[in-house]
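In the working numbering, the protein residues as written are 1 to 378.
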């Protein structure tokens, strides 16, 4: 037991413990501004369960999960099809009701895709050719378009960065990836048609936002309120002020404050130091995650590590960017921080797998060993 504890990488474990605690501080602030709720207590329960799941994943060598990867992918795709027939909630079909909780299949699908791409590419050379990228591309676009049909633009935006990072780490040539990017650009009109009217309007709102004028009544309202709530905290945050800056409660109105816009509440409460501390924690995950991938000679572990880091890093950047008006509001949560059981659990399991890889640092002498020694994170 003590040997297992000593092998846990602090550079990855500490952020996984602290980021959810920062999220709880944001939920507490939401209760102060918008009234008490049971979400804080529910999130604490999910947090204990997620930490347990994360640590449980580290007890078994990660290579034991390799052969289950395609089955996990197939199960996730099946669930994505099933969820399209579920009753809509706020106009979206993202959740499968399970009585005590609602399950969101798109969350575990991200990890299922990462593991399946790693399983498919770990001992192949085909990805060094342009035609060898077709199969990974198809594996990615199937769940991507199913998620767009829910609709869930936020989660869907994570899939292509994951694909590019994994195939690049697997040895794909840059010129081939440029060709794929050009093909993806040509597909943007198709993706645009698959987006709902609300999603398209949120993209447009980024380019039409204005400050200092009347409060927008359309989809620009969420972005306006998000920036205003952050601004109300000032440089140091409201935590150090005895009295609120304004008595106008409508100034703090922020839909989805506990989920998509938890970063705005953290900025309002703890100012620039709080936001900077949170970003530092994500930077630690990315840095130590990439070091793990670089030091791992076993190809499946290397590719899974790259995929997980890409998923969490991209999701964090998109969420924080949309709260300040740099990116469209896509309805994506802040990983490990926002309220939500499915998101917290699936991300914690992914981090547990990354920690597992960091603990093993396996070196596998197989047919693919030439791949492992010749391909590095360039």
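Virtual Cβ for every residue (Gly too), placed ideally from N, Cα, C.
- Item | Straight-line gap, residue 10 to residue 348 (C-alpha atoms, nearest Å) | As a position in the chain shown, residue 10 is number 10, starting the count at 1. As a position in the chain shown, residue 348 is number 348, starting the count at 1. Going from the Cα of residue 10 to the Cα of residue 348 covers about 15 Å.
- If you draw a straight line from the C-alpha of residue 371 to the C-alpha of residue 232, how long is it? Here the question's residue 371 lines up with position 371 in the chain shown. Here the question's residue 232 lines up with position 232 in the chain shown. Here the model assigns residue 371 a pLDDT of 45, short of 50, so the residue's position is not dependable, and the following value carries that caveat. So the two alpha carbons sit approximately 53 Å from each other.
- Item | Reference residue 147, options 239, 106 and 172, closest by Cα | Indexing the chain shown from 1 puts residue 147 at position 147. Residue 106 is the option with its Cα nearest to residue 147.
- Message: Tell me the DSSP secondary structure of residue 77 in three-state form.
- Response: Position 77 of the chain shown, counted from the first residue, corresponds to residue 77. Residue 77 falls in the helix class under three-state DSSP.
- Give me the Cβ distance between residue 355 and residue 8, rounded to the nearest whole Å; I'm assuming they're in contact under 8 Å. Numbered from 1 along the chain shown, position 355 holds the residue referred to as residue 355. Numbered from 1 along the chain shown, position 8 holds the residue referred to as residue 8. With a Cβ gap of about 7 Å, residue 355 and residue 8 count as contacting.
- Which residue or residues does DSSP assign as beta-bridge partners of residue 89? Here residue 89 corresponds to residue number 89 of the chain shown, with the count starting at 1. 92.
- Message: Taking a contact to mean a Cβ-Cβ separation below 7 Å, would you say residue 62 touches residue 357 in this structure?
- Response: Translated into the one-based positions of the chain shown, residue 62 becomes position 62. Translated into the one-based positions of the chain shown, residue 357 becomes position 357. Cβ atoms of residue 62 and residue 357: closer than 7 Å.
- For residue 335, does the three-state DSSP call read helix, strand or coil? For the purposes of this step, residue 335 is taken as residue 335 along the chain shown, with counting starting at 1. Here residue 335 sits in coil by DSSP.
- Query: How many Å lie between residue 111 and residue 98 at the Cα?
  - Reply: The residue you call residue 111 lines up with position 111 of the chain shown. The residue you call residue 98 lines up with position 98 of the chain shown. Each residue's alpha carbon lies about 21 Å from the other.
- Message: For residue 267, report the span of its alpha helix (DSSP H) as first-last.
- Response: In the chain shown, the residue the question calls residue 267 occupies position 267. 262 to 295 is the extent of the alpha helix (DSSP H) around residue 267.
- Looking at the structure shown, is residue 151 part of a helix, part of a strand, or coil, going by DSSP? Along the chain shown, read from residue 1 onward, the residue named residue 151 stands at position 151. Looking at residue 151 - three-state DSSP - the assignment turns out to be coil, as it is neither helix nor strand.
- Query: Looking at the structure shown, is residue 97 part of a helix, part of a strand, or coil, going by DSSP?
  - Reply: Counting from 1 along the chain shown, the entry for residue 97 is found at position 97. Looking at residue 97 - three-state DSSP - the assignment turns out to be strand.
- Given a threshold of 16 other Cβ atoms within 10 Å of its Cβ, counted over all protein chains shown, does residue 179 qualify as buried or as exposed? If you number the chain shown from 1, residue 179 lands on position 179. The residue is exposed, with fewer than 16 neighbouring Cβ atoms inside 10 Å.
- Report the rounded CA-to-CA distance for residue 283 versus residue 187, giving the unit in angstroms. Along the chain shown, one-based indexing puts residue 283 at 283. Along the chain shown, one-based indexing puts residue 187 at 187. Straight-line Cα distance between these residues: approximately 32 Å.
- Query: Where residue 134 and residue 74 are concerned, what is the direct C-alpha to C-alpha distance, given to the nearest angstrom?
  - Reply: For the purposes of this step, residue 134 is identified with residue 134 of the chain shown, where counting begins at 1. For the purposes of this step, residue 74 is identified with residue 74 of the chain shown, where counting begins at 1. Spanning the two alpha carbons is a distance of roughly 18 Å.
- Message: Less than 7 Å between the beta carbons of residue 126 and residue 132, yes or no?
- Response: Counting from one through the chain shown, the residue named residue 126 turns up at place 126. Counting from one through the chain shown, the residue named residue 132 turns up at place 132. Cβ atoms of residue 126 and residue 132: closer than 7 Å.
- Query: Helix or strand or just coil, what does DSSP make of residue 366?
  - Reply: Against the chain shown, residue 366 aligns to sequence position 366. Low confidence applies here, because residue 366 scores a pLDDT of 44, under 50, leaving its location unreliable; read the following figure in that light. Reduced to three states, the DSSP call for residue 366 is coil.
- Candidates 326, 183, 237 and 302: which alpha carbon is nearest residue 293's? Here residue 293 is taken as the residue at index 293 of the chain shown, counted from 1. When each option's Cα is compared against that of residue 293, the closest is 302.
- For residue 288, count neighbouring Cβ atoms within 10 angstroms of its own Cβ and tell me buried if that reaches 16, exposed if not. Counted from its first residue, the chain shown places residue 288 at position 288. The residue in question, residue 288, is buried, as its Cβ has 16 or more Cβ neighbours within 10 Å.
- Does the segment 325 to 333 come close enough to the segment 22 to 38 to have 3 or more Cβ pairs within less than 8 Å? no
- Query: Thinking C-alpha only, which one of 335, 27 and 340 is nearest residue 350?
  - Reply: By 1-based counting over the chain shown, the position of residue 350 is 350. When each option's Cα is compared against that of residue 350, the closest is 335.
- Message: Just to confirm, is the Cβ distance from residue 116 to residue 352 under 7 Å?
- Response: Here residue 116 corresponds to residue number 116 of the chain shown, with the count starting at 1. Here residue 352 corresponds to residue number 352 of the chain shown, with the count starting at 1. No, Cβ-Cβ distance for residue 116 and residue 352 is not below 7 Å.
- Query: Rounded to the nearest angstrom, how far is the Cβ of residue 24 from that of residue 285, given a contact under 8 Å?
  - Reply: Along the chain shown, one-based indexing puts residue 24 at 24. Along the chain shown, one-based indexing puts residue 285 at 285. In fact, because the Cβ distance is near 18 Å, the residues do not count as touching under 8 Å.
- State the Cα-Cα distance for the pair residue 255 and residue 64, rounded to the nearest angstrom. Here the question's residue 255 lines up with position 255 in the chain shown. Here the question's residue 64 lines up with position 64 in the chain shown. Taking the CA atoms as reference points, residue 255 sits about 42 Å from residue 64.
- Message: Restricting to Cα atoms, I'd like to know which of 304, 203 and 313 is closest to residue 169.
- Response: Here residue 169 refers to the residue found at position 169 when the chain shown is read from its first residue. From the listed residues 304, 203 and 313, the smallest Cα separation to residue 169 is found for 304.
- Message: Measuring alpha carbon to alpha carbon, tell me which residue in 49, 80, 166 and 26 is nearest residue 306.
- Response: In the chain shown, residue 306 corresponds to position 306, counting from 1. Nearest to residue 306 by C-alpha distance, out of 49, 80, 166 and 26, is 166.
- Would you check if the distance between the CB atom of residue 268 and the CB atom of residue 308 is smaller than 7 Å? Looking up residue 268 in the chain shown gives position 268. Looking up residue 308 in the chain shown gives position 308. Result no, Cβ atoms of residue 268 and residue 308 do not sit closer than 7 Å.
- Task: Have a look at residue 257 and residue 340 and give me their C-alpha separation to the nearest angstrom.
- Result: Here residue 257 corresponds to residue number 257 of the chain shown, with the count starting at 1. Here residue 340 corresponds to residue number 340 of the chain shown, with the count starting at 1. Residue 257 and residue 340 have their C-alpha atoms roughly 12 Å apart.
- Item | Separation of residue 2 from residue 222, as counted between CA atoms | Taking the first residue of the chain shown as position 1, residue 222 is located at position 222. Taking the first residue of the chain shown as position 1, residue 2 is located at position 2. So the two alpha carbons sit approximately 49 Å from each other.
- Which residues share a DSSP beta bridge with residue 102? To locate residue 102, count along the chain shown from 1; it is residue 102. Paired residues: 97.
- Query: When burial is assigned at 16 or more other CB atoms within 10 Å of the CB, is residue 151 buried or exposed?
  - Reply: As a first step, residue 151 is located in the chain shown; it is residue number 151 there, counting from the start. When all chains shown are included, residue 151 counts as buried.
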